[in-house]
Structure formats: structure tokens, C-alpha cells
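Protein chains in written order, with this note's numbering: chain X, 139 to 417; chain W, 139 to 417; chain U, 139 to 417; chain P, 139 to 417.
Please read the structure below before turning to the comments.
This is the structure in C-alpha cells:
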């Protein structure tokens, strides 16, 4: 009996490892297949959420949609349990970002037993989309995406200043438009005017609210040209950032043999950190 | 009789070559004239398709439009037959991209004998527009277009990541807006909300669907500023790419034979470092 | 009598020169004052044209507006006559671009004697605005404007290719939308669909025509993201052009003392054209 | 008694200094706390102004909103008085930009005793938002904001030329559209047409006014593509400016004392040309 126990344990351990390889493995065929399957089920599941909300489709295929949703929920539940079993630190996974997303993905259907299914509950399932990032982060896209992320991160402070600036302008001009335009033309309160101002500054222009007085139209024209002009600012910031990071990577010369720092130009003859002669 | 056959064959061969020169020739006067004629007929034919769909014009000039369409169809049919005859490998042409376009261009009118002419059939003729590319590809524009194409191709992966990102955002924010806004304000289903979200993110803003609740307007404002900000990303990518390809192409001249420094311009006659004469 | 004639001639000549100095002079006080006066009258005159078309203003102040318009027309007539008199080659002026603009500026009021004043006739007066360019071209703005003009000119071919590409896309996608959407949703003919497609591609989005079918909305979403993406192309072209012309002008080193050509870099030691040593 | 006076004076002087430290101090804990408190009160006060204009909120909580407004007004009044007392040159402060903003911030409530409270008076309080700049200018954002400001300032002349160009185009095309389109489609006067033209050029596109004739739609399409294209110009200007100022600021380190070449980075310790140690 003493011998049996470790075997049992190792059985379980072996199982845990095999599940681990399938679920977390990227380079094994089984892992790749599982990722593809998961990708398909997630996309299908999100598609189901979308179609369910289309009234005439839901009326026709309600039974089928609910059935399919149950199949997917059970599939995700099994996957969730396997993920908990296969990790060494289950609690760490459960309270991680993806752990919570995974849990929320399966919750709504089970909750519908106890409480009547609401709009919010069924929409929460769309969060499954976030699970895509886990799969795709391990794929080929990461290189390109991370380069974009770097450029955006580097210009984050500038863009924050910019957004802050847009808010101040919108509040001030919104207040002015509230005074200038009457309630009849849609400017019923300052918050609504601010909303209109953002719609105009960003050149979206729904037209549900539009100025009717001459002065209002003149101010609106000013806001439009302003918005049309300042769109140049974030574009300029990001472009300069991307162009900069591009030119930084331009140097192809080998690193310094002494201190391993990257030379600053292809034709550098001496290392700028330690002064070692480069060949 | 034996002698006559080769003559016949060569007659045909000569004819084939003359047709070939006219249809495919670009540098011969006949070829140029034919291209210009074809350009005109294609533009005229597309114009006819457009005008036919304008009801009050079609009511007035229906007879004339049908007649003109027949003249053009017959012209294109003859051209199609000549193209098949004049090529050495007719099958290769027939199943090539342009071969299929050419065939589709003449099909609708002949089909109208057998089946009643439908909206789709007559619009298919607008595909003739694609034939323009064959003519213009041989023209002067190619240089400029291919440079643009290179820049776009080089940033294709980044733009794919970007479009993928926009889709994820649109689905998630669309689902949120579906919950926040009621059906009365146009957010009847998640797909419709996603459509609205794309309309807003891209700053198009039709206004056929627009938020009415305070929370909806707040989220919409956030989406607008987001869309207004992230437009900077593709612009930055393409700009950096174009600027980069521009600076790369700057100097093709060989390095200085004396000091091996790179000349600063293609037309430099003397090295700017040591004054050695460049050839 | 013989003596008198040259005096007369010289009187006229002196007058012609004085008028010339006032009208064409930029650096004389009288010329500057005249330019400022002209600037004011042109702006005032254009403002009058604008206000005349506002119905409730025209009803109230019709008499005054007509009177002011006559005063301005007479002022411009005198100026036109003086310009003809003061030039050595009157015919060259009369048939030049600005000569024709000047003539068209005064024509409408005199024509109103013979034919009833129409909408077009009164709007033609807005062309006086073009006269501003003559005055401002001589001002300080030219430097900046010409730099912009250079950058735009240099990227003209690329932008033409780009616009041509937008047109082809609009026609093809317009034809597709005409088939997909019904007449009830506003897509009454292909030209209208093309108009809608341009409205969408350029992210203007009036919303007077908007897709209602699912397929139509899907295609519209595609067009929007396309438009949102390709706006990067002209921006990239112009930006790279401006950045390029900026970096070209960066060299502050003095020109070559031998051949007077501009050195290609600040640290160039030898002229790249003639090989002369630079200090 | 002689001794008492200087003591009184110094009491007052000490108090003045302590107030000064609290109000103007940034690096002292008391100063920081005061700034944070002020920030909160300003934001709260602006929020109150916004909410007051929302009818259904004002109906419900009118009493509370007026009370809160009075509390804030009294707080700002005390702060205003303290600022006057604590400065050595009270008049300079009172007539400075922020002094006037501070005064205007407290005025409306006191005026409501004498004259009935109007829409304008209550909106004027939104100007308190401008007070934020005084607080934030002393914070961390300044570095980033001033860099943006520099780039925008440097391209100001070019952007002025650009805006001027847009105005001329809008007036001319507005006049053309007024002639082409009838009053029924919204083009009631040239000023309205100009407003529509700006709405279209800037790609805002409300849709409250939209062309209905074929010619009008064709011209509108032209304006849209024009607007879509020329947005590239300000973007290009600002981007080139930012990229330029970025590359200019790259290296501030002194040149190599041996070969006088510019170091390639601020933190370079050895010259990359000759290997001399830099300090």
C-alpha cells in the first residue's frame, strides 16, 4: 500500500503534466490543436451572443441558441476546471486577470437557474472575447503589437496632456454654446453641450444636436476648424515616436566586444561607453 | 495544295501578330490608339451603367441606353474574341484574372435573352472598371503607385494588428452600449451597436443611431476621443514607412575610393571628406 | 504749341506714374495705404454679398445694401479704369487673370440695368475675394505659403494616384451597395450610392443616406475602416515631403567660394561639385 | 509703544508669510495640501455648474445646489481676500489674468442679490476651470505641455496660412453651393452655405444641411475629397516640427576636445571617432 500511494500521486502528476502540455503548450501539436479549437469556440460563442440579441433571429432559433450556449458553457467549465487542476498554484490562477475572465465567461448560464436572465448577464458573455488575447499573445502578432505598444507608451504622457486639453476646451466651449443656443435646438444642458462639443471637435458630427443661430454656427465653425487642426497633434506625436524608434534600431554594427553596449552609429570607431576600439 | 497550306497558316499567323500588336502593343501608334479607344469605351460604358440606374433618366432614354449598351457589348465581344485568337495560350488568358473580368463584362447583355434582366446583372457591368487597371498599369502612373504600394505593403502587418484591435474594441464597447442604451434610441441588437461603434470610432458619425442616456453619451464621448486619438497610429505607421523608404533611396552613388566615406548626394563630383574626384 | 505738347504728354506721364506708384507700389506709404483701403473695401464688399442673401436682413435693409453695393461698384470701376490707364500694356492687363476678375467684379451691377438681377449674377461678386490674393501675395505670408505650395506640388502625382484610387473604389463599392440596399433607404441609383460611398470613405457621414440591411451595414463598416486607414496615405506623403524639405534646408555652412554651390552638410570639408577646399 | 508697533507689523508680516507659504508654496506640505484642496473645490464647483443646468436634477435638488454654491463662493471669497492680503503688490495681482478670473469666479452669486440670476451669470462660473491651469502649471505636466506648445508655436504661421486658405475656399464654394442648391435643401443663404462647407471640409458632416441635386452632390463629393486630402497639411506641418525638435534636442553634450566631433549621445563617455575620454 505504501508503494501504491506514490504511484497514484505520480499518475495524477502525469495527468496534470499532460493536461498542462495541452492547455499551456504552444509548440506541441496537441497544444496547437487545443489553441485552435479554443479560438474557434470563443469566436463561435461571441457570435452566438451577438445573434441572440437580434430579435427576429432569437424568435426563430431561440431553442437552438440556448442549447448551443449550454454546450459552450459546459465546454468552458471543463476547461476552467482543467486549468485549475493543471496549475501548481490554483489560487494564483483563479485570482489572476484571465482566471477571473474565465470564471465570468461561464457564470451567466449557471446564474440563469436562480435569477431570471437579464440583458446584462447575457452580454457579460461577450467578455469571452478578452480570452482571445491569451491565445494570440502567444502567436506571431506579438512582435508587431509590442512595437506599436512601445510607441504608444512612449507618447502616453503627451497624449494625456492632449486629452486633458480637449476636455477643458469642451467644457468651456460647451458652456458658451449652452448660453448662445436655445433649448429647442438640443442644447438642453451644459453636459449635453459638452457632449455636442466633443462630437464636433472629434469631427464625428452625428447631427442629432446642431446649432441653429448665426452666432452658434460661427462658434461651431471655429470648433470644427480647431478640431480639424489639433488632430495633427496626436498624429504628430505618435508619428515622430514611431519614426524615432525606427531610426534608433537602424544601427546594424556589432556590439562592443568589451562592454557589449550597442554602438550609436554604424561608422563608430570607438565604443562610446568604454572607449574600446571597434573594428 | 501542299504549298497553299503554310501560306494560309502564315496568313493567319500574320493576322494574329498584327492583332497582337494592336491589342497588346503600347509603344506602337496603333497600340496606343487602341488603348485610348478602349479607355474611352470603358469609361463610357461605366457611365451608361450609372445613368441607367437613375430612374428619371432611364424612363426618358431607355431605348437609347439599351441600344448604346448593345453597341458596347458587341464591341467588347469582338475585342474578347480577338484577344483569344491573338494569344498563343488562349486557355491561360481565358482563366486569368483579366480574362474572367473581360468575360463577365459581356455576359449580362447576352444573359438578358434567356432570363429577365435583374439589378445585379446590370450592375455587374460596373466591373468593367477593373479593366482600366490593365490599360493604366502600362502607363506612367505605375512608378508612383508602386512606391505607395511598397509603403503600404511594408506596414501591412502593423495595420492588420490595428484593424484587429479596432474590431475587438468595437465588439466590447458595442456590447456595453447595447446594455446601457434602450432599443428606442436605435441600439436594437449587439451587431447594430457594433455598427454604431465603428461609425463613431472612425469619426464618420451618420447620426441614424445616437445615444440618448447620460451614461451612453459619456461612453460615446470616450469612444470618440479614443477614435480621434488612435487615428494617429496608422498615420504614424505609414508616414514613418514613407519617410524611411525616402531616406533609404537617397544615395545610390558608390563610396569614395580614397577615404571610403559615403557621398552625400548622387550627383556629387568630389568627396566631401577628402576632396578626391568621384567618377 | 510744339513745346506744349511734350508738356501735356509729360503731365499725363507724371500722372500715370503717380497712379502707378499708388496702385502697384508696395513700399511707398501711399501704396501701402491704398492696399489697406482696397483690402477693407473688398472684405466689406464680400460681406455685403453674404448678408444680402440672408432673407430677413435683405428685407429690412434692402435699400441700404443696394446703395452700398453701388458705392463699392463705382469705387471698383474707378480703380479698374485707373489700372488700365496706369499700365503701359493695357490689353495685357485686361486679359490677364486678375484683369478678368476685376472686370467680373464690377459687371453684375451694370448688367442689372438691362436684365433682371438673378441669384447667379449677385453671387458672382463673391469672386472679388480672389482679388485678395493679389494684395496678400505681396505681403509677408508668401514665404510660408510658398513652402506649403512646394511640399504639396512635390507630392501632387502621388496624391493624384490616391484620388484616382478613391474614385475607383467608390464606384465599385457604390455599385455593390446599390444592389445590396433597397431604394427605400436612400440608395436610389448608382450615382447616389457613389456619393454615399465618398461621404463614408472621407468620414464625413451626413447620415441623409444610411444602410439599413445587415449586409449593407457590414459593407459600410468595411468602407469606414478602409477610409479611416487610407487617410494615413496622403498624410504620410505630405508629412514625409515636408520633413524632407525641412532636413534639406538644414545646412547652414557658407556656399563654396569657387562654384557657389551649397555644401551638402555642415561638416563638409570639400565642395562636392568642384572639389575646392572649404574652410 | 514704540516697540509694540514693529511687533504688530511683524505679526502681520509673519501671518502674511504663513499665508503666502500655504497659498503659493508648492514644496511645503501645507502648500501641497492647499493646492489639492483647491483642485477638489474647483472641480466640484464646475461639476455643480454643469449639474445645475440639467433640468430634472435642478428641479429635485435646487435647494441643495444653491447652498453648495454659496459654500463654494464663500470659500473662494476668503481665498481671494487672502491672496490680496498675502501679496506684496495687491494691485498687480488684482489686475493680472488670474486675479480677474478669481474675481469673476465669485462675482455671480453676489450679483444675484441685486439682479435676477440669468443663464449667462451662472455659466460664467464655469470660467473657474481656468483656475486649474494655475495649479497644474506648477505640477509635473508642464514639461510635456511646453514641448507641445513649442511645436505648435513653431508651426503657427503655417497653420494660420492654412486656416486662411480654408476660409477662402469655404466662402467661394459656399457661394457656388448657394447658387446650385435650392433653399428647400437648407442652403438658405451664403453664410449658411459657408457653414455647411466648413462642416463638410472638416469631415464633421452633421447632415442637418445636405445637397439634394446631382450637381450639388458632385461638388460636395469634391469638397469632401479635398477636405480629406488637405487634412494632411496641418498634420504634416506639426509632425515634421515635432520630429525636428526631437532630433534637435538629442545631444547637448560638448564636442570631443580632441577631434571636435559631436558625441552621438548625451551619456557617451568616449568619443566615437577617436576614442578620447569625455568628461
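Built from N, CA and C at the ideal position, the CB exists for glycine as well.
In this text, all values refer to a predicted model and were calculated from it rather than measured experimentally.
{"Asked": "Backbone secondary structure at residue 349 of chain W - three-state DSSP", "Found": "coil"}
{"Asked": "For residue 325 of chain P, three-class secondary structure by DSSP", "Found": "coil"}
{"Asked": "Cα-Cα separation between residue 335 of chain U and residue 347 of chain P, rounded to whole angstroms", "Found": "18 Å"}
{"Asked": "Integer Cβ distance of residue 377 of chain X from residue 377 of chain U, believed to fall under 8 Å", "Found": "7 Å"}
{"Asked": "Residue span of the alpha helix (DSSP H) that contains residue 249 of chain X, given as start and end", "Found": "235-252"}
{"Asked": "Any C-beta of chain X under 8 Å from that of residue 377 of chain U", "Found": "yes"}
{"Asked": "Residue environment, residue 202 of chain W, which counts as buried when at least 16 other CB atoms sit within 10 Å", "Found": "exposed"}
{"Asked": "9 Å Cβ cut-off: residues of chain P touching residue 329 of chain X", "Found": "188, 189, 191, 192"}
{"Asked": "Below-8 Å beta-carbon distance, residue 247 of chain W vs any chain X residue", "Found": "no"}
{"Asked": "Contacts of residue 257 of chain P in chain X (Cβ-Cβ under 7 Å)", "Found": "317"}
{"Asked": "Rounded straight-line distance, which links the Cα of residue 371 of chain X to that of residue 221 of chain U", "Found": "46 Å"}
{"Asked": "Which of helix, strand or coil DSSP assigns to residue 166 of chain P", "Found": "coil"}
{"Asked": "Nonlocal neighbours in the same chain, by C-beta distance under 6 Å from residue 183 of chain X, ignoring five residues either side", "Found": "210, 266"}
{"Asked": "As assigned by DSSP and simplified to three states, the class of residue 343 of chain W", "Found": "coil"}
{"Asked": "Residue 214 of chain U in three-state terms, based on DSSP", "Found": "helix"}
{"Asked": "Cross-chain neighbours of residue 125 of chain W in chain P, by beta carbon under 8 Å", "Found": "Residue 125 of chain W falls outside the range modelled here, since chain W spans only 139 to 417, and no answer is possible."}
{"Asked": "Residue range of the unbroken alpha helix (DSSP H) whose run includes residue 259 of chain X", "Found": "257-262"}
{"Asked": "Where residue 340 of chain W falls, given that 16 or more other Cβ within 10 Å makes a residue buried", "Found": "buried"}
{"Asked": "Selected residue, minimal CA-CA separation from residue 338 of chain U, among U:365, U:250, U:329, U:325", "Found": "U:365"}
{"Asked": "C-beta contact flag for residue 191 of chain U and residue 328 of chain P at 8 Å", "Found": "yes"}
{"Asked": "Beta carbon proximity, residue 267 of chain P to chain X, threshold 8 Å", "Found": "yes"}
{"Asked": "Residue range of the unbroken alpha helix (DSSP H) whose run includes residue 298 of chain X", "Found": "294-318"}
{"Asked": "Contact set for residue 225 of chain W: own chain, Cβ-Cβ below 7 Å, skip 5 residues either direction", "Found": "231"}
{"Asked": "Proximity test, Cβ basis, 8 Å: residue 340 of chain U and chain X", "Found": "no"}
{"Asked": "Start and end residues, alpha helix (DSSP H) containing residue 230 of chain P", "Found": "228-232"}
{"Asked": "Contacting residues, own chain, Cβ-Cβ under 8 Å from residue 323 of chain P (five flanking each side not counted)", "Found": "347, 348, 349, 350, 351, 354"}
{"Asked": "Proximity test, Cβ basis, 8 Å: residue 366 of chain P and chain U", "Found": "yes"}
{"Asked": "Closer than 8 Å at the beta carbon, the chain W residues around residue 373 of chain P", "Found": "373"}
{"Asked": "Residue 234 of chain X to residue 213 of chain X span [Cα, whole Å]", "Found": "21 Å"}
{"Asked": "CB contact check: residue 199 of chain P to chain X, cutoff 8 Å", "Found": "no"}
{"Asked": "Cβ pair residue 331 of chain U, residue 316 of chain U closer than 8 Å", "Found": "yes"}
{"Asked": "Whole-Å CB distance - residue 344 of chain P paired with residue 343 of chain X, under 8 Å assumed", "Found": "5 Å"}
{"Asked": "Test: residue 231 of chain P CB closer than 8 Å to a CB of chain X", "Found": "no"}
{"Asked": "Rounded separation between residue 299 of chain X and residue 178 of chain P - CA only", "Found": "19 Å"}
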